[in-house]
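For reference, the structure is listed below as structure tokens.
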Amino acid sequence: MLVNRRILGVNLNSRRNRRWLVVLVYAVLAAPFIDISLNHGGFWESDLESYFLFCPAVLINALIFGKLFWGKRYGGLLKPFTPDPERPNDERELAARDSAHYRAYRTLLFFILLMVILSIGPPVDIREGLSPMELLFLSRMSLYGLFTITVTLPQAILLWREPDIESESERQNTLSISRELH
Amino acid sequence: MPPANGSPIYNRIPVLRAERGLSRQELADALGVNYQTIGYLERGEYSPSLELALQLSEYFELPVEAVFSLSPLRPLSETVFAQSRPDPEGSIRRRKRN
């Protein structure tokens, strides 16, 4: 499932390093949401800003996690999820992929339920006090957030959970037992 | 992936691989799986499908129960020695009968 890879000299065969990468990626993805919420009074000044929410998720997913360049030379830490004769996934890798998607689905379900509760939870006077622009802003923020989670989470879960990739010496180690000892 | 019910499946893959002087990569290539999967199997972190278990036992030319077990496996040398050693109680019984 994972591809042997170094990015900027960082060995991503190590799970610890991969976890740091996942944290960094989500920090980058969350930054525009936080910035817009804090510095713009919760509103976009132009539609251009919405691309700062939308594009990073697509780009990071394509370049780092691998949706576009699945494990190819210049990007992608994972092999393709779909059948690929060049780099097939074996049964354990397919099981890991399915498990990651199931976990992502459950997480997504949690966020959708949270949004449903938040949309009906506040008192009527607060809801009625929101202008159409504020409602549009909240709806778009929610959709972008859900989109980001949907497209990135299965890959992030795999990068988080898969253990260290064995070193070349472990891979080639024969653990030979001398025939004389039999 | 451990099995859903959580009970591990024990195996002798590292010993059999070592006996044959195979690397994980070589065994993985022979079975058509990723070399990391062999590591998972050896560490008991993944329970193979029936197909892979049968492929492994066929590859090692052993019955599947010699390679995999639901209970911890005794060392192979101990098992072989126990089979080749005459049963002392059985021989006493035979002597008494005679």
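In order, the protein sequences belong to chains A and B.
106 is the number that the working numbering gives to position 106 of the first sequence; each next residue is one higher, with no gaps.
1067 is the number that the working numbering gives to position 67 of the second sequence; each next residue is one higher, with no gaps.
The C-beta atom is built at its ideal place from N, Cα and C for all residues, glycine as well.
Query, Result
"On a CA-only basis, which of A:E134, A:A100, A:T150 and A:I126 is nearest F111 of chain A? Give me that one, please.", "A:T150"
"Would you mind telling me which residues of chain A sit closer than 8 angstroms to V1033 of chain B, beta carbon to beta carbon, in chain order?", "D90, E91 and R92"
"Please state whether DSSP places S1023 of chain B in a helix, a strand or coil.", "coil"
"Is the shortest distance between the beta-carbon of R171 of chain A and the beta-carbons of chain B less than 7 angstroms?", "yes"
"Ignore the nearest five residues each way along the sequence and tell me which others in S1007 of chain B's own chain have a CB closer than 8 angstroms to its CB.", "L1070"
"Beta-carbon separation of I1038 of chain B and L1027 of chain B under 7 angstroms?", "yes"
"If you count every other CB in all the chains shown that lies within 10 Å of the CB of N61 of chain A, and 16 or more means buried, which is it?", "buried"
"Tell me, which residues are paired with V10 of chain A by DSSP?", "A:I7"
"Mapping DSSP to helix, strand and coil, what is L1050 of chain B?", "helix"
"Identify, in the order they occur along the chain, each residue of the same chain with its Cβ nearer than 7 angstroms to the Cβ of L1076 of chain B, setting aside the five sequence neighbours on each side.", "R1012 and V1015"
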